[in-house]
Structure formats: C-alpha cells, structure tokens
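Have a look at the structure below before the remarks.
Residue numbers (our numbering), protein chains in the order written: chain A, 397 to 721; chain B, 8 to 356.
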C-alpha cells in the first residue's frame, strides 16, 4: 500500500474540533439564520437575502480594512469619520455629472489612503496608542468634513451611480452586494495568499520577534492602515450608493458597528489571529439581528433589548463552540 | 421562542417611560400659558451699535446652517447691528458654556442660542441675563427658565398634527400606516407621535402598524422600511414629518415595487424631499421653517428697544401641496438643502 493509499486514521474529533474553531462564527450565523427563518419567512426570500447583504455593504467593506489592522494588533477608530468625509466628497466632485464619477471615486480612494497612511506612519514611528491616535484622527477628519462642506452635505450624485449599484442581477442580487463580496474576497486573498498577509499575522502575534526576524514592521503597518483608509473610502462610496447624500455625519457611529463585527468574527484586539471571513459573518450576524427584531414588530425598546441579547448570545455561542474543540 | 420574545416585548413595554395622554395635555396647556406671558424688557434697553452673539450648540447640519444664514441676513437689514459673533460648540455642552461666557466677555448686547443640552447651559445663560444681555432660545422647543428671556420655537406637536391630518385626508380616512420618527426620546419624536395618536382618535379607520425610529438617518429609515415591507403585506400610508427620512422610506417602497399602493405624508422642506414630491406629485410638505433665525433676531431687537415681548413666539409651520412643490424644489442644489426665502446671495456657500 502506498502512502497515498494509506487511510487517514487520525481521530475524528480533533478534526471536527479544528473545523469548529475555524468556522465557529459561520455556524453561529447559520444557527441565527435558521432561527430567523423559523420566525419570519422573509428570510427565505432571495430578494430579501439580497437586501440583507446590500444593507451590510458599508459596514462590511469598512470592516475588511479594520480586520487587517486588528490582525496586526492595532485598531482604526477613524473609519466612521472617513466614511462621512468620502460620501460628502464624492457627491461634491460628482456634481451631478456622469463624467465626474471616475474622478470622484479616485479622489476618495486617495483621500482614504492618505488618512490611513498618516495613521500608519504615526503608529509605526511614534508608538502612539492606535486607539487614541485613530480616535483623534476621527475628530480631525470630522472637523475637515465640516469645514469642507460648511455643515451641509452639498453635492449632487451623478445620475446612474446609485442606479448601477442598486440594480439587481437576476432580479435578486444587488450590484452593491456583489461589490461587498468581491472586496471581501480580495481581502481574504491578501490575507491568506500574500507575504503581506502572513506578515500581518506574524507581527500581530509577536512584534518583537517579527522585527528581529527582519520583517519590515513599519512598512507593513503603514500599508495596513492605508488599506483600512481605502476600505473606509470605499465604504463611504457604498453608503452614498445605498442612500444618497444626506448629511455630513452619515458615517457617525459606524466605527462601533465595524468593531463589533470584527470582534464577533473572531479577530481580537491582541492581534495575530482572526480573519476577514469571520468578519463578514460577524457583519451578517449584526444585520440579521437588527432586521429580525424589526421584522418581528417588537416595540422599539424591546428591539434594543432583544438585539443586544442576540449579539451577546451569538458571542457566547461562538466562545462555547471554540472551547469544545 | 415566539412566546419568549412576546414576554420580552411586554416587559420592555412595562419598563418604558409611560406618560398618560392626560399628563401630556396638561404639559401643552402649561406651555401655551407660559409662552403667552408678556416679558418686561425695559431693563435691556440699549442705545447705540449692537453686537449680536450666536451660541450654536452645533453647526453640523444643514438646517442650523440655514437658520444661521437667516440671522445674518436679518442683521444685514439693520444698520444698528455692527457685528454678529458666532461660536460653535460642536455638540459639546461644556464647550457651549465656555462659548457663552466668552460671548459675554466680548460684550455682546444680545444672545441667540440653540442648545446641546438645555440644563447644562442654564447657569451660563443666567449670567448673561444678569449682565444685562437678553437671551433667546432659537429654533428648539419652548423653554421657561430664568436664563431664557424668550423662545422663538417651532411646535413639534402642531407640526405632527398638521402632517397627520393631511395624511389621513389623502388616505380617505382609513388604512394601515406606520410612523417613521426621529431619535427616540427627543422632543420631536415624543411630540410627533403624541400628535399622531391624538389625531388618530378622530379617524377610527386608521390603524397604526408600528412606530419606528429612523434617527433622521436616510439609510436607517430605508433599512427599517425594507423590513416592514417584509412583515406587512398591506401598508397604505406612512407618517414621516422629516423629509430626509421620507426619501429613504419612499425608495424602499419603490424598490419593492409597492410605491403605487402607499400614500406618503407631507415631509418637511428638505430639498431632497421637495425634489421627490415635485417628481412624484404626492406627499407635500409641512415646513420646519429655517426663518426662525430671522424671527428670533427681530424679537431680540424689540427687547433692545425695551418693548415687551411674548415669552414664547411660535413660528408657524406651513403646508406646501404636492402641486406647489416644484416652486420650492431647487433641482440644481444638493438634497441636503432647505427651501427658504433667503436671497441667493445669503444662502450657504
């Protein structure tokens, strides 16, 4: 019998355990989905599923970038402010003209990258706490948004921009939902298949060892934060596509949804572990929890209680599943 | 599971702050009585050039930006007004206290303000009054305190009542509706819901499916509506006085292919909503007038002439029909803009 023909005689349970550890949040998501579907048949309608993924797009796209930073052992609290700025900036640059769309998108991406890059440089070379730094950056970016806009979300979205992203392929899946899945896929590829991605985990696990091993810690840090800024900018464009230009504070508070999704998905503040796949599952858990309490027709205050309980239960279930292995 | 959730809902309802309808009516009567009181302002009479101070609790939404422009425009019409000094507290109550004290030390003759937190700035406003500077609450709800000489306010209950009556008339007096309200617990949300429920008593054929809180956020209002469309196969009307949220609600109906079966209530004169109304010829608007800034300044000038003023001046909301919306909508302006009678040169840059 050749090696290739040798049957796998490893015990079954450790393999099952590793599977559970890796995909715990997805199991939790599946469980929540089953519960939701049993309570409301809306969750069995493909069009509504498409809606859910579309609703998740702004937070999900931003969370892709923040996941990379948190794997590194950092955090990015400026993402909500970046979303607000780029949503306003894009609408102003578009000025109602289709021809301005590429410039608007390009300018937003550059802006997000620049803000993230500044965050990265300060974290990498000044050893400032990323929590405090990015919080401060959020305040700065908010001020810039107010000065730039004068307090009104001036700007007119180009015709066709929103229509394109809200168009449903096959009458089911909005383009914006596909954009989320594409960006998540890109992030997963970056995280798993590139040396940059491996560096993130190594630096996040043990920065000192990573530095002594010759890894370019500062460059990787700057790149990670810049990518988070880019993701924030794309999230701002996603928000603009979803709901148009409405205020200069469109992204306010979204940084907390992003953080909740990332942590729920298994990426911790300690760094060195987690991943974008889990983050996307975390985003979907949050969106389904919100939608479920809404669809059940609960009183507003009851919605808050039940939504919080679902998130706590999901987190607890995730920890239990991981411990079982 | 459904029973557990129902129990949670019942507990939450019991835990919710509950104000009997009778108590709400008493509050309204008290406000009407207090706002009708005349205030002797002879102590504030002032000769010579006037410096107006504006303590803005925040300047980061388009409505207050327009209200401020109305103040500036009104000031330009009076030669005796030398300067308008504006501070922005950026939603920070402690900073607004400091701002007011700063304006006092700069020797302003009149103080207009809109608060982040009424209680937080009470003492600072009293200091202004004690220094001989009359104070006017601009654009918020009515305030009765020693530090506030007068209020130029917009009655959210009145606004809600006008919106509800117009909606129910447009619906023929019957059907199922839901309400899209602002941030839970705010005066706007509480008063608008109370007004809706009061008018509903006159229309027994109207059923309120749900009261939701969209937080003045277009995306959130859209998401909530998408869920409600899944839950309720029949929705005949929407009560949504805030135009910014109304757009999100209408979009959700449109994307679900159900716009034709719903009657939208009037929103406000938010430009994005006015554009929608002009295009779809339904809904209309009940205004939340930004010209409250001009009215507040005029009241302030009366005070500086020593003339008696009402403690509360209600700035009336007006109804704009769907047919007239085209005259108010500015198609070449952003959605986050307000229909107003400001001259073009005074609109925000």
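Using N, Cα and C, we set each Cβ at its ideal position, and we do this for glycine too.
Model, not experiment: these values are computed from the prediction.
Euclidean distance between Cα positions of residue 177 of chain B and residue 249 of chain B: One C-alpha to the other measures close to 18 Å.
Residue environment, residue 590 of chain A, which counts as buried when at least 16 other CB atoms sit within 10 Å: It is exposed - the Cβ of residue 590 of chain A has fewer than 16 other Cβ atoms within 10 Å.
Alpha carbon of residue 51 of chain B to alpha carbon of residue 306 of chain B, nearest angstrom: Their Cα atoms are separated by approximately 12 Å.
Assigned exposure category for residue 411 of chain A - 16 Cβ within 10 Å defines buried: Residue 411 of chain A comes out exposed.
Residue 301 of chain B - DSSP class collapsed to helix/strand/coil: Of the three classes helix, strand and coil, the one that applies to residue 301 of chain B here is helix, per DSSP.
Residue 444 of chain A: contacting residues in chain B (beta-carbon distance under 7 Å): What residue 444 of chain A touches in chain B: 237.
C-alpha gap between residue 20 of chain B and residue 700 of chain A, whole angstroms: Unreliable positioning characterises residue 20 of chain B in this predicted model, as indicated by a pLDDT of 42, which lies under 50. The coordinate reading is nonetheless provided below. Rounded to whole angstroms, residue 20 of chain B to residue 700 of chain A spans 12 Å at the Cα level.
Of the residues B/288, B/100, B/301, the one placed nearest residue 336 of chain B, counting alpha carbons only: Selected option, being the one with the closest Cα: B/288.
Cβ pair residue 219 of chain B, residue 188 of chain B closer than 8 Å: In contact: residue 219 of chain B and residue 188 of chain B (Cβ atoms closer than 8 Å).
Identified DSSP bridge partners for residue 157 of chain B: Bridge pairing for residue 157 of chain B: B/143 [DSSP].
Chain B contact residues for residue 601 of chain A, given Cβ-Cβ distances below 8 Å: The CB of residue 601 of chain A never comes closer than 8 Å to any CB in chain B; the least such distance is about 37 Å.
Members of the stretch 224-235 of chain B that neighbour chain A once the beta carbon cut-off is set at 8 Å: Along the stretch 224-235 of chain B, going in chain order, the ones with a CB nearer than 8 Å to a CB of chain A are 224, 225, 226, 229, 230, 231, 233, 234, 235.
Alpha-carbon spacing of residue 245 of chain B relative to residue 604 of chain A, whole angstroms: If you take the alpha carbons of residue 245 of chain B and residue 604 of chain A, they lie about 59 Å apart.
CA-to-CA distance, residue 216 of chain B to residue 14 of chain B, given in whole angstroms: Caution is warranted here: a pLDDT of 47 is assigned to residue 14 of chain B, below 50, making its placement in the model unreliable, and no coordinate value can be reported.
DSSP beta-bridge partners of residue 187 of chain B: Paired residues: B/219.
Coil, strand or helix - residue 612 of chain A by DSSP: Coil, per DSSP.
Expected contact under 8 Å - CB spacing of residue 707 of chain A and residue 432 of chain A to nearest Å: Taking C-beta atoms under 8 Å as the contact rule, residue 707 of chain A and residue 432 of chain A fail to qualify, at a distance of about 14 Å.
Backbone CA spacing between residue 239 of chain B and residue 690 of chain A [nearest angstrom]: Here the C-alpha atom of residue 239 of chain B lies approximately 12 Å from the C-alpha atom of residue 690 of chain A.
Any chain A beta carbon closer than 8 Å to residue 106 of chain B: No, residue 106 of chain B does not count as interfacial toward chain A.
Any C-beta of chain A under 8 Å from that of residue 220 of chain B: For residue 220 of chain B, the answer is yes, since a Cβ of chain A falls inside 8 Å of its Cβ.
Cβ neighbours of residue 190 of chain B in the same chain (closer than 8 Å, five flanking residues each side left out): Within the same chain, 196, 220, 222, 223 come within 8 Å of residue 190 of chain B by CB-CB distance, once the 5 residues on both sides are set aside.
Residue range of the unbroken alpha helix (DSSP H) whose run includes residue 574 of chain A: For residue 574 of chain A, the enclosing alpha helix (DSSP H) begins and ends at 571-589.
Buried versus exposed, by CB contacts within 10 Å (16 or more), residue 37 of chain B: Label assigned to residue 37 of chain B: exposed.
Inter-residue Cα distance where the pair is residue 315 of chain B and residue 302 of chain B: When rounded, the distance between both Cα atoms is 15 Å.
Where residue 354 of chain B falls: helix, strand or coil (DSSP): Coil.
Sequence ranges, beta strand (DSSP E) only - wholly within the stretch 54-122 of chain B, length at least 3: Under the rule that a run must span 3 or more residues, the beta strand (DSSP E) segments found entirely inside the stretch 54-122 of chain B read 57-63, 88-95, 117-121.
Endpoints, beta strand (DSSP E) assigned at residue 245 of chain B: First-last of the beta strand (DSSP E) with residue 245 of chain B: 244-246.
Range of the contiguous alpha helix (DSSP H) that encloses residue 274 of chain B: That residue, residue 274 of chain B, is in no alpha helix (DSSP H); it is neither H nor E in DSSP.
Cβ neighbours of residue 665 of chain A in the same chain (closer than 6 Å, five flanking residues each side left out): Nothing listed; no residue qualifies.
Contacts around residue 91 of chain B, its chain only, beta-carbon distance under 7 Å, and the 5 residues preceding and following it disregarded: Closer than 7 Å at the Cβ level, and outside the excluded window around residue 91 of chain B, lie 59, 61, 78, 79, 82.
Buried or exposed by the 16-neighbour rule on C-beta atoms within 10 Å, applied to residue 168 of chain B: That one is buried.
Residue 347 of chain B - DSSP class collapsed to helix/strand/coil: When secondary structure is reduced to three states using DSSP, residue 347 of chain B falls in the coil class, being assigned neither helix nor strand.
Helix, strand or coil at residue 525 of chain A [DSSP, three-state]: In the three-state scheme derived from DSSP, where H, G and I count as helix and E and B as strand, residue 525 of chain A is classed as coil.
Beta-carbon proximity check, residue 328 of chain B vs residue 174 of chain B, cutoff 8 Å: No; because the gap between Cβ atoms is not below 8 Å, this pair is not in contact.
Chain A contact residues for residue 344 of chain B, given Cβ-Cβ distances below 7 Å: 548, listed in chain order.
Completely contained alpha helix (DSSP H) runs for the stretch 650-677 of chain A, where each covers 4 or more residues: For the stretch 650-677 of chain A, whole alpha helix (DSSP H) runs of length 4 or above, ordered along the chain, are 650-660.
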